[in-house]
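Count the sequence shown with mature numbering (1 follows the signal peptide of the UniProt record, and there is no 0) and you get residues -20 to -1, 1 to 201, in order.
Notes for the one structure printed next.
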Amino acid sequence: MKITSLFTCALLALAAPATAAFDLKITEMWMGNEPGSNLTEDWVEITNMGDTAWVEAVDGGLWFDDGSFDASAADPMSGIPSIAPGEAVIYVNGDAAAIDEFLSVWGLAAGSLQIGIHDGSGLGQGGDGVAIFRSVAQPTIDDIVDAQEYDDASLNGGQSWDVLVGGFSTIGNSSGAFQSALSNDEGQFAIASPPGTLVPEPTAAVLGMIALGAFAGARRS
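As structure tokens, then:
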């Protein structure tokens, strides 16, 4: 985008009235280790990019499906009653034991972030995806919230797919990815961004300040 266009968008964003809404996005997917045993069950990170909380009791529950994006086969996601603006949460494929396993592998204390569960399809190493739906009952395709796919992970065992980066996680990338506390039976660690990291609430004012700074820099150059 040209600087002038960015500046115009910033002014429009500042002038437009704010509309409070949650905006749930898939921001990270972990599909397991290769080679060797999986350190944890597959998991997906969901971040609320909006400016108000999602509340399950009010807004309807979340449902999971893999890359088939089949609403009729989607499975309910549970254990997280709400997601605040800017908050990132984790849903692990499994049960309560899978949550404990996740915390141990990443060296995290219980209660340090919200972790829910689902019993959906596992994620494949050869390339797959995640679809999230929102509905009170079994969803339809019209209830889709977000859907993301990742490339063949066969040569990137243990590395999550970072949606914001657009690639497999590497230590020290722009998302601050790091290595897990434990390795699998083949000595392979997992690599992902800090699970459950909070992100700044994306307000029009912040976007405007960034754009104005970029415009000013362009004028000086």
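Just so you know, even glycine gets a beta-carbon here, dropped at the ideal spot from N, CA and C.
All values derive from a computational prediction rather than experimental measurement.
Three-state secondary structure (DSSP) of residue i
i           : result
residue 42  : strand
residue 129 : strand
residue 36  : helix
residue 58  : strand
Cα-Cα separation between residue i and residue j, rounded to whole angstroms
i           : j           : result
residue 42  : residue 27  : 13 Å
residue 136 : residue 31  : 34 Å
residue 85  : residue 21  : 11 Å
residue 25  : residue 15  : 23 Å
residue 3   : residue 29  : 5 Å
residue 166 : residue 160 : 14 Å
residue 155 : residue 163 : 21 Å
residue 39  : residue 170 : 34 Å
residue 198 : residue 66  : Here residue 198 scores only 42 on pLDDT, less than 50, and its place in the model should not be relied on; the value that follows carries that caveat. If I take the Cα positions, the gap works out to 30 Å.
residue 147 : residue 46  : 18 Å
Beta-carbon spacing of residue i, residue j below 8 Å
i           : j           : result
residue 106 : residue 140 : no
residue 36  : residue 62  : yes
residue 10  : residue 111 : no
residue 58  : residue 12  : no
Which residues DSSP lists as bridging residue i, in chain order
i           : result
residue 159 : 171
residue 63  : 34
residue 150 : None; residue 150 has no bridge partner.
residue 17  : In the DSSP output, where bridge partners are listed per residue, residue 17 has none listed.
residue 24  : 9, 71
residue 142 : 8, 147
C-beta neighbour in chain B for residue i, strict 8 Å
i          : result
residue 15 : Here there is only one protein chain, and chain B is not present.
Contiguous beta strand (DSSP E) assignments of at least 3 residues, all confined to the region 66 to 126: 68 to 73, 95 to 98, 108 to 115
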